[in-house]
Every structure is written in C-alpha cells, then in structure tokens.
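One structure below.
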Amino acid sequence: MTKLIFIQPFYNCFSLLCANNRFPNMFIRRVTIANVPNGALVPASWRYRLLSFTGVAIVVTVALSVANLRSIQELAMVVPIYNRLTPIVIPVSRVETKLPVVLLVVLLALSPLYKPQPRHVLDILSVAVKRVFVATFCLATIGYFDYTYQLPRPVLILMSVLLVGSIPAWFVLIRKQASTRNCAVIVGDSPEQIAAVYSELTVPVFGYVTFNPHQRSQNLVRADGGLQSYSQVPDESDNPIPDELKCLGGLARLEQILISYSADTVILAFSHPDREEFFGTLETCAKLGVTTKAHRDLHNSVLTRNKPGYSELIDIDLDPWDWQDRVLKRIFDLLFAGSVLLVLSPLLILAAIAIKMEDEGPIFYTQERTSTLGETFSILKFRSMTPGKEDTNPGEETNRVTCTGKILRKTHIDEIPQLLAILQGKMSAVGPRPAWTDEEAHLQSETPEWRKRWFVKPGLTGLAQINDITSTQASQKIQYDIKYIRRQSLWFDIQIVSKQLLMVAEDVVELFVRMIRGRRE
Numbered sequence: 001m002t003k004l005i006f007i008q009p010f011y012n013c014f015s016l017l018c019a020n021n022r023f024p025n026m027f028i029r030r031v032t033i034a035n036v037p038n039g040a041l042v043p044a045s046w047r048y049r050l051l052s053f054t055g056v057a058i059v060v061t062v063a064l065s066v067a068n069l070r071s072i073q074e075l076a077m078v079v080p081i082y083n084r085l086t087p088i089v090i091p092v093s094r095v096e097t098k099l100p101v102v103l104l105v106v107l108l109a110l111s112p113l114y115k116p117q118p119r120h121v122l123d124i125l126s127v128a129v130k131r132v133f134v135a136t137f138c139l140a141t142i143g144y145f146d147y148t149y150q151l152p153r154p155v156l157i158l159m160s161v162l163l164v165g166s167i168p169a170w171f172v173l174i175r176k177q178a179s180t181r182n183c184a185v186i187v188g189d190s191p192e193q194i195a196a197v198y199s200e201l202t203v204p205v206f207g208y209v210t211f212n213p214h215q216r217s218q219n220l221v222r223a224d225g226g227l228q229s230y231s232q233v234p235d236e237s238d239n240p241i242p243d244e245l246k247c248l249g250g251l252a253r254l255e256q257i258l259i260s261y262s263a264d265t266v267i268l269a270f271s272h273p274d275r276e277e278f279f280g281t282l283e284t285c286a287k288l289g290v291t292t293k294a295h296r297d298l299h300n301s302v303l304t305r306n307k308p309g310y311s312e313l314i315d316i317d318l319d320p321w322d323w324q325d326r327v328l329k330r331i332f333d334l335l336f337a338g339s340v341l342l343v344l345s346p347l348l349i350l351a352a353i354a355i356k357m358e359d360e361g362p363i364f365y366t367q368e369r370t371s372t373l374g375e376t377f378s379i380l381k382f383r384s385m386t387p388g389k390e391d392t393n394p395g396e397e398t399n400r401v402t403c404t405g406k407i408l409r410k411t412h413i414d415e416i417p418q419l420l421a422i423l424q425g426k427m428s429a430v431g432p433r434p435a436w437t438d439e440e441a442h443l444q445s446e447t448p449e450w451r452k453r454w455f456v457k458p459g460l461t462g463l464a465q466i467n468d469i470t471s472t473q474a475s476q477k478i479q480y481d482i483k484y485i486r487r488q489s490l491w492f493d494i495q496i497v498s499k500q501l502l503m504v505a506e507d508v509v510e511l512f513v514r515m516i517r518g519r520r521e
C-alpha cells in the first residue's frame, strides 16, 4: 500500500512538528511498502541526509570556535609537537570570512557519507577519518595560495583533531538512530519460504529479492558440494508469494538493492544453506552492517545471538566481536605475526633449503581452505609430504611424510608461512582452524553445526588445537570452536597463544631429547 513518508524528529521540536503534520508538502514523498499497518510512519532517506549535513555544519562551526580560543590552544601546548607553535587567535571579523570557506570544504569532503546506505561501523569510522584529513589538506592548500582564507597552524591542527574525534562519532550516532526503523527486505531462493517468512513479519517490508528468471534454470551449488536438481527449482507458474509483495530484483544486485532502499534488516528465505547464495548473502549483509534473520529451521547452520525461542525467526550473529574488540584483535594479530616472522626468518631460510635438498620438490604447499562466511583462500605451508593426490577423508597420510617433514611437523615450523595470511587479514592468530574445502563435505555431513565455524575468521591455532582435538573428531572439534566463539576476547586469545607456544616448546624439547638418545644408542 502507499504510505506517506516524512521527517521524524530532529531533536525534540522536530518530533512535535512531525506528530502534527506541519511540514510542507515539498518534504513529503510516496513509496510503496508492503506489510505497513495504517498510520505507521517510516522515515525517508532525505532525513538522514539532512541530519548528516546539518550535524557536520554544526560540528565544524563548534570545532573552529573552540580551536580559536587562546585558553584551549595553551592547554594543548602539553603535546610535544604542538608546543612548538605559538597560540594565535583569529579576530571575530576575520572568522566570519573564513568560516564559510571552512564549511564549504569540509561539507564537500564528507559528501560521500551523506548517502543513506547501510554501512558497517568500522567503515563509517574509516571513511570519516580519511575525509577529515582530505579536508584538512585542502584547507592548508587554500591558505597557502590565498592568505585571506588562511587558518593559522595552531587553529587548523587543533580543529582537525576535534573533527577527527567528533565527525565519525556523529555519523555512527545517526546511523544507529536510523537503524531503529527496521524496514526489511526478504532474500531467498524458495517462493514457499519467502511467503512463509513474509507471513511471520510484523515490520514494514520493501519487497523480496530472488533469482532472476534466467538464473532459475541454473544448478545451485550447495555447501556440501552437491547440486540441486532442476526439479528442486520452483515453478514460477505456481507462485505462493502474495501480489502485494514486490520483487525488487535478482540476487546479483542484492548489495545495490539494499543500498538503494536503505534497508536495515534482511530476512533469509532459502531452502538450503548453500555456500554460494546463502552465505554469499550473509557476506553482503555483514559488509553493509544490516541486521539479518532466518527461519528457525536453519539454527544449526548459523551462529545465533541467542537460543531459538517461540518465534519462527532467529537473529543471526554476523559480528560476534564489537568493533573496538575487532580493532584490538587485529592489532594483536599484526604484532604477533610480524614479530614471529622477524625472529624466525633465519630458521625459515634453513627449512626451505632442507626441503629443496631432500627431494627437489616444491618448497611450499598450497591448499584451498574455508574462510569467513564460506569464502575460500589459499593456505601456504612448508611442504612436509611427497607430492601426490590427497585423500579427502580427515586424517594424516603418514606414509607420504618426508624425513624433513617429520621434523617440520614436530616443531610446527611447517605452519609458520601461514603468518603471511594473518598479515593479509585472511586469518587470525586465534580462531577455528580453516578446513580443507574438499574435506568439509565429509565434516558437514557428520556434524550439522559445522557451518557455525564460518562466522568468525579462521585462526592459526584455537581452543580445539590446544586440547589436541583434530578434524577426525569433528563433533568434539565443533563444540570447542563454538565455545571459543562464545567466549572470544583479546585476553582469551592471549591465553590460547601462550598455551600453544608452551606446547610447541615441549614438542621441540621432546624432539631434541629423542635425537640425543638416538645418537647415544
């Protein structure tokens, strides 16, 4: 049905005006939204633009005014580099000349953030900080060529610092405020599931996204490696989806659709949690930072925020870590991987020479492993076996392990090249060990909850590894992995890494003891 959409409260006075319909018609637009009860109000996208633009203008004005105070500049003199400058206050008459230029430059620099599209918090922070630096550079350049609009260095530097702290916070604040409206888009491959999910919803729905007609006849790759047959693809002539629910487009355009409609919630209506479409949709939702729900029948295949209750829909936990914890974890990963590679670099050169001298085969071994949300990446290790076809069943092919490989495995040196993947951001120091994609077909059939491991970044070591649990014990392994996901924290990561380093040291000592005893005998 067609509903009026107009501005919601901009502070408390805006709320009163909206409640009494006192805005002129030029601020009202019409959109078609399904499942909206009579009288329900849904904010238009221009409200976000207005809040963004107005907020930035106010923040810039306040930042310039504060930075122009002598007392603030003198207070900032405790900073080592800043104390080399002399406090300079711009006269009020000149501030009136410089302020419009400052506003124009900063507002233009931040223009990409005015678009009301779903964004992850870290993306908002990153883009906002970069744009503030761009604005600072532009203001410094303008002042260099035209003294009339020049800001004194103490004022420019202090204002930039204030903007770096306040502008990102403002955009995060209004992003969270906008996300409370819960306008949803249904995404799925099954008309029956789409219709069933739609009947359970009580929030406004823009429409649904599914396969394009030309895509419906294609085989669908499932997460277990199998293919859906043509008979499983629903016939469009028998469509149970209500006519009021509009088709917004195909899955290939999902990201553009979510951005265009500024959707805050995605409801998944897939018949099977396949790697390509189901987890591909989850990856898009995680990238845009939108709330994601699914039918309770899929609770074994997804990481949920809480146990399924009486509701037919469950909340999917796409981001188990808060953004600040993710930043700390990333810093820890970089420090750990970088320091280990630096300290052990001579040992890595010796290992490469030993591998090459033994059988003239390749030094490194690569294999496709599963990463976050079903994505794949190539893992890099020192080769410890003779080249040949691998067995997809979990386990060790000990008959193919070389003499050098036995030493590399015992000392865990063969795993060190994976630190490069940590530096690249494909892996973490701690997390569920990435499984071989071909091996996972067996593991998923044996353990239905296996896909829950895909909701966090894989790690070099993990809770299962320090408890000597391997892929041959899939049910125990997944329980340890889920336990880690629920308890994960920076301190927990440090504990696991410390325990793993202790185990490596014990293995190295044991190897040397065996070698010494062997020589004596």
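Each residue of the sequence shown is one higher than the one before, counting from 1 in the UniProt record's numbering.
Think of the CB as a built atom: it goes at the ideal place given N, C-alpha and C, for glycine as much as any other residue.
All values reported here derive from a predicted model rather than from experimental measurement.
When DSSP labels each residue in this structure, what does His442 get in the three-state scheme? Taking the first residue of the sequence shown as 1, we reach residue 442 at position 442. In the structure shown, His442 sits in a helix (DSSP, three-state: H, G or I).
What would DSSP say about Lys381, mapped onto helix, strand or coil? On the sequence shown, residue 381 is found 381 positions in, with the first residue counted as 1. In the structure shown, Lys381 adopts extended strand secondary structure according to DSSP, grouped into three states.
Measuring only the C-alpha atoms, how far is Gln495 from Pro152? Taking the first residue of the sequence shown as 1, we reach residue 495 at position 495. Taking the first residue of the sequence shown as 1, we reach residue 152 at position 152. Whole-angstrom Cα-Cα distance: 50 Å.
Do the stretch 348-359 and the stretch 404-415 make contact, defined as three or more Cβ pairs closer than 8 Å? Two segments are said to touch when three or more pairs of C-beta atoms, one from each, lie closer than 8 Å; by this definition the stretch 348-359 touches the stretch 404-415.
Top-ranked residue by Cα proximity to Ile316, from Arg451, Arg326 and Phe137: As a first step, residue 316 must be located in the sequence shown, where it is residue number 316. Of the candidates Arg451, Arg326 and Phe137, Arg451 places its Cα closest to the Cα of Ile316.
Three or more C-beta pairs below 8 Å linking the stretch 456-470 and the stretch 290-302: In short, these stretches do not touch, since the Cβ pair count stays below three.
Glu368 - DSSP class collapsed to helix/strand/coil: On the sequence shown, position 368 is the one that residue 368 refers to. Glu368 falls in the strand class under three-state DSSP.
Rounded separation between Asn25 and Arg47 - CA only: For the purposes of this step, residue 25 is taken as the residue at position 25 of the sequence shown. For the purposes of this step, residue 47 is taken as the residue at position 47 of the sequence shown. For Asn25, the predicted structure reports a pLDDT of 35, less than 50, and the residue's modelled location is therefore unreliable. The matter cannot be settled from this model.
I'd like the ranges of any alpha helix (DSSP H) spanning at least 4 consecutive residues and lying wholly in the stretch 396-464. Every unbroken stretch of the alpha helix (DSSP H) spanning 4 or more residues and falling wholly within the stretch 396-464 is given here in chain order: 403-411, 419-424 and 440-446.
Helix or strand or just coil, what does DSSP make of Cys285? By one-based count along the sequence shown, residue 285 stands at place 285. Cys285: helix per DSSP, three-state reduction.
Is it true that the CB of Leu380 sits closer than 9 Å to the CB of Pro417? As a first step, residue 417 is located in the sequence shown; it is residue number 417 there, counting from the start. As a first step, residue 380 is located in the sequence shown; it is residue number 380 there, counting from the start. The criterion of a C-beta distance shorter than 9 Å is satisfied by Pro417 and Leu380.
Could you give the C-beta distance for Ser160 and Leu113, rounded to a whole number, given that I count them as a contact under 8 Å? Sequence index remark: in the sequence shown, residue 160 carries index 160 (1-based). Sequence index remark: in the sequence shown, residue 113 carries index 113 (1-based). 17 Å between Cβ atoms; not a contact.
Rounded straight-line distance, which links the Cα of Thr372 to that of Ile259: Numbered from its first residue, the sequence shown carries residue 259 at position 259. Numbered from its first residue, the sequence shown carries residue 372 at position 372. Going by the C-alpha atoms only, they are around 22 Å apart.
Rounded to whole angstroms, what's the CA-CA distance from Val401 to Met385? Just pull it up for me. As a first step, residue 401 must be located in the sequence shown, where it is residue number 401. As a first step, residue 385 must be located in the sequence shown, where it is residue number 385. Distance between the alpha carbons of Val401 and Met385: 4 Å.
Starting from Ile88, trace the alpha helix (DSSP H) both ways and give me its first and last residue. Along the sequence shown, read from residue 1 onward, the residue named residue 88 stands at position 88. Note, Ile88: premise wrong, no alpha helix (DSSP H); not H, not E.
Expressed to the nearest angstrom, what Euclidean distance is found between the alpha-carbon atoms of Val197 and Tyr261? The residue labelled residue 197 in the question sits at position 197 within the sequence shown. The residue labelled residue 261 in the question sits at position 261 within the sequence shown. Distance between Val197 and Tyr261, taken at the CA atoms: about 20 Å.
Measuring alpha carbon to alpha carbon, tell me which of Lys483, Trp170 and Gln500 ends up nearest Glu415. As a first step, residue 415 must be located in the sequence shown, where it is residue number 415. Nearest option by C-alpha distance: Gln500.
Taking all protein chains shown into account, do 16 or more other C-beta atoms lie within 10 angstroms of the C-beta of Glu200, making it buried, or fewer, making it exposed? For the purposes of this step, residue 200 is taken as the residue at position 200 of the sequence shown. Around the C-beta of Glu200, fewer than 16 other C-beta atoms lie within 10 Å, and the residue is accordingly described as exposed.
Where does Lys293 fall in DSSP's three states? Within the sequence shown, the letter at position 293 stands for residue 293. DSSP places Lys293 in strand when its eight states are reduced to three.
Neighbourhood of Glu255 by C-beta distance below 6 Å, restricted to the same chain and skipping five residues each side: The sequence position of residue 255 within the sequence shown is 255, counting from 1. So the qualifying residues of the chain are Thr284.
Just the Cα atoms here: how many angstroms apart are Ser65 and Glu449? Looking up residue 65 in the sequence shown gives position 65. Looking up residue 449 in the sequence shown gives position 449. Whole-angstrom Cα-Cα distance: 56 Å.
Suppose contacts are defined by Cβ-Cβ distances below 9 Å. Is Trp170 in contact with Val59 by that definition? Taking the sequence shown and counting its residues from 1, the one referred to as residue 170 is at position 170. Taking the sequence shown and counting its residues from 1, the one referred to as residue 59 is at position 59. If you check the CB distance, Trp170 and Val59 come in under 9 Å.
Run through DSSP, which three-state label would Ile316 get? The residue labelled residue 316 in the question sits at position 316 within the sequence shown. If DSSP states are grouped into helix, strand and coil, Ile316 belongs with the strands.
Apart from the five residues on each side of it in sequence, which residues of its chain come closer than 6 Å, Cβ to Cβ, to Gln73? For the purposes of this step, residue 73 is taken as the residue at position 73 of the sequence shown. Counting only Cβ-Cβ distances below 6 Å, and skipping sequence neighbours, we find Pro87 and Pro154.
Suppose the cutoff is 8 Å on Cβ atoms and the five residues either side in sequence are ignored; what does the same chain contact list for Asn38 look like? Residue numbering aside, residue 38 sits at position 38 when the sequence shown is read from its first letter. No answer about Asn38 holds up, because its pLDDT of 36 lies below 50 and its placement is not dependable.
Mind reading off the beta-carbon distance from Asp264 to Cys138? Whole number of angstroms is fine, and I expect it under 8 Å. Residue numbering aside, residue 264 sits at position 264 when the sequence shown is read from its first letter. Residue numbering aside, residue 138 sits at position 138 when the sequence shown is read from its first letter. Under the criterion of beta carbons closer than 8 Å, Asp264 and Cys138 do not qualify as touching, at roughly 33 Å.
Does the distance from the CB of Arg369 to the CB of Pro273 come in under 9 Å? As a position in the sequence shown, residue 369 is number 369, starting the count at 1. As a position in the sequence shown, residue 273 is number 273, starting the count at 1. Not in contact: Arg369 and Pro273 (Cβ atoms no closer than 9 Å).
Beta bridge counterpart(s) of Asp269 as assigned by DSSP: Within the sequence shown, the letter at position 269 stands for residue 269. Here residue 269 turns out to be Ala, not Asp, going by the sequence shown. The partner list for Ala269 (beta bridge, DSSP) reads Gly188.
Reduced DSSP category for Ala138 - H, G, I as helix; E, B as strand; rest coil: In the sequence shown, residue 138 corresponds to position 138, counting from 1. A small fix is needed here, since residue 138 is Cys in this sequence, not Ala. Three-state result, Cys138: helix.
Could you have a look at Leu41 and say whether DSSP puts it in helix, strand or coil? Start at 1 with the first residue of the sequence shown, and residue 41 comes out as number 41. Note that Leu41 scores 36 on pLDDT, short of 50, meaning its location in the model is unreliable; the coordinates nonetheless yield the value given after this. Annotated three-state conformation of Leu41 is coil, per DSSP.
Is Ala76 near Leu156, with beta carbons less than 9 Å apart? If you number the sequence shown from 1, residue 76 lands on position 76. If you number the sequence shown from 1, residue 156 lands on position 156. Going by C-beta atoms, Ala76 is not nearer than 9 Å to Leu156.
By a C-beta neighbour count over all protein chains shown, 10 Å radius and 16 as the cutoff for buried, is Lys115 buried or exposed? Sequence index remark: in the sequence shown, residue 115 carries index 115 (1-based). Exposed is the label assigned to Lys115, since fewer than 16 other Cβ atoms lie within 10 Å of its Cβ.
Could you tell me the distance, in whole angstroms, from the CA atom of Leu423 to the CA atom of Ile314? On the sequence shown, position 423 is the one that residue 423 refers to. On the sequence shown, position 314 is the one that residue 314 refers to. Rounded to the nearest angstrom, the two C-alpha atoms are 34 Å apart.
Can you list, in chain order, the residues of its chain whose CB lies under 8 Å from that of Ala109, leaving out five sequence neighbours each side? What you label residue 109 is simply residue 109 of the sequence shown in a count that begins at 1. When the five nearest sequence neighbours on each side are left out, the beta carbons in the same chain lying within less than 8 Å of the beta carbon of Ala109 are those of Arg131, Val132, Val134, Ala135 and Cys138, in order along the chain.
Where are the alpha helix (DSSP H) runs, 4 residues long or more, that stay fully inside the stretch 53-81, in chain order? Counting whole runs of 4 or more residues, the stretch 53-81 contains the alpha helix (DSSP H) stretches 70-75.
Using the Cβ count rule (16 or more neighbours within 10 Å means buried), how would you classify Gln324? As a first step, residue 324 is located in the sequence shown; it is residue number 324 there, counting from the start. With fewer than 16 other Cβ atoms within 10 Å, it is exposed.
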